[in-house]
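Here is the structure we will look at.
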Amino acid sequence: MLTSAKAIRIFIVLAAGLCAASGVLAQAYPSKPIRFVLPFPPGGGTDILGRILAQKLSDSIGQPVIPENRPGAGGNVGTEYASRQAPDGYTIVICSPSISISPSLYSKLNYKQSDLTAITRIASIPNAFVIHPVVPAKTVKELVALARKSPGKLNFGTGGAGTSNDLAARYFLSENKLNALIVPHKGVNQATIALLGGQVDMVVVGVATSAPHVNAGRLRAIATLTTERTETFPNVSTIVEAGFPWFIVDTWYVMMAPAGTPPDIIKRLNAEFHKIMKLPETRKQMANRGADPVVSTPEEAAQFIASETERWGKVVREAGARAN
C-alpha cells in the first residue's frame with residue numbers, strides 16, 4: 002500500500018505533468034491553417050477588411066489564415082456556419098451589425114448569439130447617404146420633400162435584409178413617413194453598383210466605398226451619418242447638421258469564434274489582433290478604406306454587441322421591419 006507521503010508525491014508529479022502537457026498544447030496553437038469566415042460577398046467592406054486582417058494575422062502567427070466568403074441572408078449564412086464549427090480556435094468569423102439586428106428582424110434564426118464568443122472589436126466605418134446625380138436633391142431635407150411629392154417613385158438600394166444599411170433605409174423611411182421601394186441586393190457593393198447604373202436612387206454606404214464615385218461626380222453624397230464631419234468628405238454635412246440627429250449609423254466589426262473555444266486561445270487571438278491594429282501599415286490600410294481601428298477586451302466586445310442588440314431591436318420595432 003502507498004503511504005500518504007508517497008501518494009502526495011505521486012499526485013504532485015502527475016499534476017505537474019498535466020500542467021506541462023497543457024502548456025505544450027497552448028504553446029502549440031496554432032499548428033495548422035485557420036479558416037476566416039467572411040459572411041458577405043467579395044468586394045464589400047467586410048471582405049476588404051477581412052482580407053487585410055487575414056494576411057496580418059497569418060504573418061503574425063506563422064500559419065495560413067484563409068478567407069472564406071459565405072454570403073447570404075444579411076450575413077446570417079456565414080455567421081451560422083461559423084457558429085457550428087469546432088470550438089478549437091481554427092475557425093474565426095468577422096461579424097458586423099447584422100449579428101445585433103438579426104435576432105429582432107428574423108422570426109427564426111438557426112443560430113443564437115450565444116453560439117459565438119467575442120474575441121475583440123476590430124473597426125468602425127462611418128456611412129454616407131449617397132444618391133444618383135439625376136435625383137434632383139442636394140440635401141436630405143430636399144430628398145425627403147421629393148419623396149413626399151412623388152410617393153413610390155424613389156428606390157432605396159440596400160445590402161440585403163438584416164444588414165445595417167437595409168434597416169437604416171427602412172428606419173429612415175418609417176420615421177419620415179415616406180413611401181419608397183426598398184431594393185435588397187446580395188451586398189452593399191452590389192447595391193452601390195446598382196446606384197451607379199441608375200437602377201436605384203439612393204444607398205447608405207461606407208464613406209470610403211463611395212468616395213471615388215462621389216469625387217468623380219458619378220454619385221452625390223448628401224450627408225455623412227456621423228456626429229462630426231469626416232476627413233473623406235470634409236465639405237459634406239453630417240446627418241446632425243442636416244437636421245436628422247437620430248439617423249447616426251456606422252458599420253462596426255467584431256471578431257468572434259465558436260462558443261466553447263478555450264479561453265487561452267481567445268486570449269491569444271485577442272493579443273494578436275491588438276498587436277496587428279497597432280501596426281502603422283495596418284492603420285494606413287484601414288484609413289485608406291475609411292475604417293477606424295478599434296480594439297477591446299473580449300468582455301467589452303460582448304457588452305458592445307449586447308448594447309447594439311438592444312438599440313437595433315428598438316429600431317426594428319419602430320420601423321416595423323421583418324424578414325422571413
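Heads up: the sequence shown at position 237 corresponds to 238 in my numbering, and the numbers run straight through without jumps. By construction, the Cβ of each residue, glycine as well, lies at the ideal position given by its N, Cα and C atoms. Just so we're clear, the structure is a prediction, and the values are computed from it rather than from any experiment.
Beta-carbon proximity check, residue i vs residue j, cutoff 8 angstroms
i, j, result
"residue 190", "residue 45", "yes"
"residue 41", "residue 68", "no"
"residue 132", "residue 144", "yes"
"residue 87", "residue 94", "no"
"residue 96", "residue 80", "yes"
"residue 228", "residue 249", "yes"
"residue 210", "residue 185", "no"
"residue 282", "residue 62", "no"
"residue 157", "residue 138", "no"
"residue 203", "residue 147", "no"
"residue 323", "residue 30", "no"
"residue 201", "residue 212", "no"
"residue 220", "residue 196", "yes"
"residue 255", "residue 53", "no"
"residue 140", "residue 243", "yes"
"residue 39", "residue 77", "no"
"residue 237", "residue 128", "no"
Which of helix, strand or coil DSSP assigns to residue i
i, result
"residue 14", "Confidence at residue 14 is low in this model, with a pLDDT of 47, below 50, so its placement is unreliable and no value can be given for it."
"residue 314", "helix"
"residue 251", "strand"
"residue 40", "coil"
"residue 161", "coil"
"residue 82", "helix"
"residue 128", "strand"
"residue 54", "helix"
"residue 26", "Only weak support is given to the placement of residue 26: the predicted model assigns it a pLDDT of 46, under 50, and the value that follows is read from those uncertain coordinates. Residue state, collapsed to three classes: helix."
"residue 93", "strand"
"residue 123", "strand"
"residue 240", "coil"
"residue 112", "coil"
"residue 138", "coil"
"residue 309", "helix"
"residue 149", "helix"
"residue 245", "coil"
"residue 280", "coil"
"residue 1", "A query on residue 1 cannot be resolved here, the shown segment of the chain reaching from 2 to 325 and no further."
"residue 71", "coil"
"residue 234", "coil"
"residue 45", "coil"
"residue 88", "coil"
"residue 98", "coil"
"residue 177", "coil"
"residue 1", "The structure shown has nothing for residue 1, since the chain only spans 2 to 325."
Strand pairing of residue i, partner residues [DSSP]
i, result
"residue 66", "35"
"residue 259", "117"
"residue 184", "158"
"residue 266", "Bridge partners of residue 266: none, in fact."
"residue 203", "132, 157"
"residue 294", "124"
"residue 107", "324"
"residue 221", "132"
Option in the options with minimal Cα separation from residue i
i, options, result
"residue 162", "224, 259, 75", "75"
"residue 151", "176, 125, 174, 181", "181"
"residue 198", "56, 169, 135", "135"
"residue 310", "98, 57, 52, 91", "98"
"residue 317", "214, 107, 272, 241", "107"
"residue 291", "225, 204, 279", "225"
"residue 245", "91, 66, 105, 172", "172"
"residue 64", "77, 149, 92, 303", "92"
"residue 307", "114, 51, 39, 38", "114"
"residue 261", "119, 35, 36", "119"
"residue 47", "323, 324, 287, 312", "287"
"residue 264", "140, 142, 298", "298"
"residue 215", "255, 201, 233", "233"
Beta-carbon separation (whole angstroms), residue i vs residue j, contact threshold 8 angstroms
i, j, result
"residue 110", "residue 101", "That pair is no contact at about 12 angstroms."
"residue 277", "residue 57", "4 angstroms"
"residue 168", "residue 320", "7 angstroms"
"residue 90", "residue 258", "7 angstroms"
"residue 207", "residue 126", "5 angstroms"
"residue 247", "residue 176", "7 angstroms"
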